[in-house]
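Heads up: the sequence lines are chains A and B, in that order.
At position 491 of the first sequence (counting the first as 1) the number is 490 in numbering that gives the first Met the number 0, and the numbers step up by one without a gap.
At position 388 of the second sequence (counting the first as 1) the number is 387 in numbering that gives the first Met the number 0, and the numbers step up by one without a gap.
Take a look at the structure below.
Protein chains: 2
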Amino acid sequence: MSAYDELMAFSRETQALGQILGRLGWDQETVMPSGAAPQRGEEMAALESVLHARRSDPRVGDWLEAVDTAALDAVGKAQIREIRRAFERANKVPGALAARIARVTSEAQGKWAASRADEDVAAFLPVLEEVVMLKRDEGAALASDGDIYDAMLDDYEPGMTGARLDEIFGDMRPALVELRAAVLERPAPTGLSGSFDESAQMRLTREVAKVFGYDMKHGRVDKAVHPFSSGSGLDVRITTRTSATDPFNCLYSTIHEVGHASYEQGIDPAYLLTPLGRGVSMGVHESQSRIYENQLGRSKAFCGWLFGRMSESFGDLGVADAKGFYAAVNKVDRGFIRTEADEVQYNLHIMLRLDLERQLMRGEIGVVDLEEAWNTRFAADFGYAVDRPSNGVLQDVHWSVGLFGYFPTYALGNVYAGCLHEALRMAVPELDGQLAAGDLGPATTWLRENLQQHGGLYAPAEVIERASGQAPSVAPLLSYLQTKFGGLYDL
Amino acid sequence: MSAYDELMAFSRETQALGQILGRLGWDQETVMPSGAAPQRGEEMAALESVLHARRSDPRVGDWLEAVDTAALDAVGKAQIREIRRAFERANKVPGALAARIARVTSEAQGKWAASRADEDVAAFLPVLEEVVMLKRDEGAALASDGDIYDAMLDDYEPGMTGARLDEIFGDMRPALVELRAAVLERPAPTGLSGSFDESAQMRLTREVAKVFGYDMKHGRVDKAVHPFSSGSGLDVRITTRTSATDPFNCLYSTIHEVGHASYEQGIDPAYLLTPLGRGVSMGVHESQSRIYENQLGRSKAFCGWLFGRMSESFGDLGVADAKGFYAAVNKVDRGFIRTEADEVQYNLHIMLRLDLERQLMRGEIGVVDLEEAWNTRFAADFGYAVDRPSNGVLQDVHWSVGLFGYFPTYALGNVYAGCLHEALRMAVPELDGQLAAGDLGPATTWLRENLQQHGGLYAPAEVIERASGQAPSVAPLLSYLQTKFGGLYDL
Chain A
0 MSAYDELMAF SRETQALGQI LGRLGWDQET VMPSGAAPQR GEEMAALESV
50 LHARRSDPRV GDWLEAVDTA ALDAVGKAQI REIRRAFERA NKVPGALAAR
100 IARVTSEAQG KWAASRADED VAAFLPVLEE VVMLKRDEGA ALASDGDIYD
150 AMLDDYEPGM TGARLDEIFG DMRPALVELR AAVLERPAPT GLSGSFDESA
200 QMRLTREVAK VFGYDMKHGR VDKAVHPFSS GSGLDVRITT RTSATDPFNC
250 LYSTIHEVGH ASYEQGIDPA YLLTPLGRGV SMGVHESQSR IYENQLGRSK
300 AFCGWLFGRM SESFGDLGVA DAKGFYAAVN KVDRGFIRTE ADEVQYNLHI
350 MLRLDLERQL MRGEIGVVDL EEAWNTRFAA DFGYAVDRPS NGVLQDVHWS
400 VGLFGYFPTY ALGNVYAGCL HEALRMAVPE LDGQLAAGDL GPATTWLREN
450 LQQHGGLYAP AEVIERASGQ APSVAPLLSY LQTKFGGLYD L
Chain B
0 MSAYDELMAF SRETQALGQI LGRLGWDQET VMPSGAAPQR GEEMAALESV
50 LHARRSDPRV GDWLEAVDTA ALDAVGKAQI REIRRAFERA NKVPGALAAR
100 IARVTSEAQG KWAASRADED VAAFLPVLEE VVMLKRDEGA ALASDGDIYD
150 AMLDDYEPGM TGARLDEIFG DMRPALVELR AAVLERPAPT GLSGSFDESA
200 QMRLTREVAK VFGYDMKHGR VDKAVHPFSS GSGLDVRITT RTSATDPFNC
250 LYSTIHEVGH ASYEQGIDPA YLLTPLGRGV SMGVHESQSR IYENQLGRSK
300 AFCGWLFGRM SESFGDLGVA DAKGFYAAVN KVDRGFIRTE ADEVQYNLHI
350 MLRLDLERQL MRGEIGVVDL EEAWNTRFAA DFGYAVDRPS NGVLQDVHWS
400 VGLFGYFPTY ALGNVYAGCL HEALRMAVPE LDGQLAAGDL GPATTWLREN
450 LQQHGGLYAP AEVIERASGQ APSVAPLLSY LQTKFGGLYD L
């Protein structure tokens, strides 16, 4: 066997073990007996430790040196690029630090949940302090002489930097603030009301998942507290949740997760269990969940179809017609919670988090300052005061589990989705007619062929540019939002 | 850290990884999407290979040498005994052979299922030939100079030998043959008839599982094609199946699996994720499933309670009263299938398999002779001819997956259950009154305290002797069967 073949065989086993870790996470959130948690913690830690040892295995370094990269084709070069990235990362972070982070964040997540339930920021701060210190150590190890926050970003969105984010968000912010102000001056549309049987919601949600191209032979839909998509290759499962009063929660969580899952399911089967057999970055992943959920799922045309199906399933929805339904789906309102935010306001939530977490990581503010910094910034950005910590600094799980540098990828996903949507509209001029008939086939096929199939082959900005025909920029997203909400709110 | 502590820490991670393998097996049989199978195969092979490397890791040998075993308490000594056994076994079998067996048996299982469906023995023989050759190689490696079949038995029932099995089965056979002949001369009782809603079966089966002490906080009950129990420690799941015409299939599968699961759930929590934190052998495991299913679950007293609950759930059962119900539960009938056999005939099925598989392993017969050998033996033992391969040599999955030496543990479990039941009756004289009230508490508590809690602490024969107060023998089982079926059939 050549060094390349040996390396790929070793990597394939590592990928397979990584998939198992994802499967254990799915099990924990869906079917695991409640009393099994301590044992599951040890099982996952044991597997994590096996994975860390394999990622930093000196043999990987030897193989990487021995491989004649110049002789490889584009796919082989990309495989080596990804293996090298993982190897270098694993060797930069000491094993003891990685293990400590795993242990502390696991504990911190529980403390965050309890503190949020109790509205008690002070109870959360000591463990958050520890997480921040550990993540700063990790960031310093990863950054070498560079910027610590850039090193963290690179983990989730290879190639992205804080400076580039500042440009992107700087371009976006004034337009979003202006659009929001205009929309909030107009009368608010009526929301849904009615009776929404939860098993009927699950039946409809599975139907909608299939309509969006989700492949049930290689996946399944279950209920969990938090919706997520899990796994790559031949087993990509999603979860959703139901609310007796808000059927959109279930349906749009499903469509969002189907976007993530379709990306994984759509990757070239030749990349199965290789480093290229996964979505290339969190931002590109989010571009798929967002375009499924928003540009397609919340379009006027698709809302027409969905209004019909929901009326059949639930009877009177409390809105007069498809037009009222479309307005309800896209209602813009005051609110505190990022995950409930509409398309106009969502990215403003991200900007707040980016600035605060970058300051934390750079040591410009301490965790003790975090709540006041959040509340001050929120009031400035949104115009009203945070009423309680669970609506403010305690609302998101991310920092408790050490996800610094992750939030910006949500906004990048929106930006990328804007670019892809513009190109999709040009490539499929009949799109609205198809969406109105509940036919997502041409749209999802276009996404599969132009983006999803490539998996990790191209860098994030490159795959967006290849699919959309232009370097990523905020212009398409802003133009889409201005047109859509201008129409909805008679601006 | 002492060598003992280091060894136990390493072993604990290995145990945790082993639990993950069990969890993947559960997932595969219950919730896995159908198209995920090839990927799952690679995931499990990767984890198997990690486990094999850990079990044969030279550091384990170093630690075993460094440990001052004489200074350890009984628990420590038993831990070392189990770790040494696994280490020596792993080092006797070359890694390449173990990997080959894993691959070939995985393929053979699929071919067996297809051949059984097609009633085509010839299609199965080539891969079975390969499995047999590989398992003989493995057996030779394990046996050193000893008997190859004894070495295989030792894998499932440490300390057991073919010679001892011959004694046990020799003691049992004439009495069982005589009892069967007498019973089959009497009129057969009426079976159940009625309408058995499958969700009502699942509701009742979960209730019955709890009645038998199954802990739902550390387990769950699902449907699968084949009933099984999976996992140790804090997460022990069971599966069952339903048949619209035969509610006993679901209920007694559940009670059987609850016996296995209760053993695992009942082990001293101090042994969690250690080599002692699992049932000590397949035979002792089967003693628990059998005593739950048969001596308790098919007792006249418990049948009285179950008749009431089933009548409430399903209405008319087609039997006149509790006595008729008890007779239906324990109906003895002609049949070909081991898993459907009654208490009188079950062990005769095992004797047939023991003799054939031992001849195969010793090279006394070839796989090409197997079908004829099976059919000849079956006709001699049961008095009627096998009508098709799925009722004969193709009925069990075991040989396809390389389980040679496993079948006898089913019969040993019956023998052990007989010993335990005799002791239980003496220790809990009010047992029948409790069973008649659906109160399994005192019986399952006695089993937990006298047997289950010890996990792997004592060798199989020792733990049975400690619990029952006598060395294992067939006398209690035979006496129990003669009394029970003598009464049922007016002998």
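Where a beta carbon is used, it is the ideal one built from N, C-alpha and C, also for glycine.
| Item | Value |
| --- | --- |
| Whole angstroms are fine: how far does the CA of Met360/B sit from the CA of Asp146/B? | 10 Å |
| For Gly34/B, would you say it is in contact with chain A, using Cβ-to-Cβ distances shorter than 8 Å as the test? | yes |
| In the DSSP assignment, the alpha helix (DSSP H) including Lys91/B goes from what residue to what residue? | Ala73 to Lys91 |
| Does any residue of chain A have a CB that is nearer than 8 Å to the CB of Pro37/B? | yes |
| Let's test the definition: count the other Cβ atoms within 10 Å of the Cβ of Tyr270/A and tell me whether it reaches 16, buried, or not, exposed. | buried |
| Based on the DSSP output, what are the partners of Ser228/A in its beta bridges? | Ile237/A |
| Using a Cβ cut-off of 8 Å (strictly closer), state whether Ala15/A contacts chain B. | yes |
| Can you list, in chain order, the residues of its chain with a C-beta nearer than 6 Å to that of Val126/B? Leave out the 5 residues immediately preceding and following it. | Ala107 and Lys110 |
| Just the C-alpha distance for Asp144/A and Glu137/A, rounded to the nearest angstrom, thanks. | 13 Å |
| Per the DSSP calculation, Lys222/A is bridged to which residue(s)? | Thr239/A |
| Short of 8 Å in beta carbon distance, which residues of its chain neighbour Glu5/A, apart from the five on each side in sequence? Order them along the chain. | Trp62 |
| What does a CB cutoff of less than 6 Å around Pro93/A pick up in its chain, not counting 5 residues either side in sequence? | none |
| Comparing C-alpha positions only, which one of Lys134/B, Asp386/B and Phe301/B sits nearest to Arg333/B? | Asp386/B |
| Please list, in chain order, the chain B residues whose beta carbon lies closer than 8 Å to that of Ser48/A. | Glu12 |
| Please state whether the Cβ-Cβ distance between Thr241/A and Cys249/A is less than 8 Å. | yes |
| With 16 as the cutoff for other CB atoms within 10 Å, does Arg202/B come out buried or exposed? | exposed |
| Find the residues of chain D that neighbour Lys216/B, judging by a C-beta separation of less than 9 Å, and give them in chain order. | Chain labels in this structure do not include chain D; the protein chains are A and B. |
| With 16 other CB atoms within 10 Å as the buried threshold, where does Val318/A fall? | buried |
| By the three-class DSSP mapping on this structure, what secondary structure does Met309/B have? | helix |
| Measuring alpha carbon to alpha carbon, tell me which of Ala162/A, Ala174/A, Val279/A and Arg83/A ends up nearest Val343/A. | Ala174/A |
| Sorted by chain position, which residues of the same chain lie with C-beta nearer than 6 Å to Ser228/A's C-beta, five sequence neighbours on each side aside? | Ile237, Glu256, His259 and Ala260 |
| With a Cβ-Cβ cutoff of 8 Å, do Val182/B and Val414/B count as a contact? | no |
| With a Cβ-Cβ cutoff of 8 Å, do Thr338/A and Asp221/A count as a contact? | no |
| Which residue comes first and which comes last in the alpha helix (DSSP H) that contains Phe403/A? | Taken as a continuous stretch (DSSP letters only), Phe403/A belongs to no alpha helix (DSSP H), as it is neither H nor E. |
| If we ignore side chains and look at the alpha-carbon of each, how far apart do Phe86/A and Ser55/A end up? | 5 Å |
| Where do the N-terminal and C-terminal ends of the alpha helix (DSSP H) with His397/B fall, by residue? | Note, His397/B: premise wrong, no alpha helix (DSSP H); not H, not E. |
| So the candidates are Ser105/A, Arg357/A, Gln78/A and Gly24/A; which of them puts its Cα closest to the Cα of Ser10/A? | Gln78/A |
| In this structure, how does DSSP classify Ser286/B when only helix, strand and coil are distinguished? | helix |
| For the region 232 to 244 of chain A, enumerate the residues whose C-beta is nearer than 8 Å to any C-beta of chain B, in chain order. | Gly232, Leu233, Asp234 and Arg236 |
| Counting only Cβ pairs nearer than 7 Å, list the residues of chain A close to Ala45/B. | Glu12, Ala15 and Leu16 |
| Is the separation between the beta-carbon of Leu46/A and that of Leu16/A shorter than 8 Å? | yes |
| Taking Cβ positions only, does Ile19/B come closer than 8 Å to chain A? | yes |
| According to DSSP, is Pro246/A helix, strand or coil? | helix |
| Rounded to the nearest angstrom, how far is the Cβ of Leu393/A from that of Glu285/A, given a contact under 8 Å? | Between Glu285/A and Leu393/A the Cβ distance is about 23 Å, and since that is not below 8 Å, they are no contact. |
| In chain B, which residues lie with their C-beta within 8 Å of the C-beta of Leu480/A? | Chain B residues near Leu480/A: none, gap ~37 Å exceeds 8 Å. |
| Within 10 Å of its beta-carbon, does Gln469/B have 16 or more other beta-carbons around it, so buried, or fewer, so exposed? | exposed |
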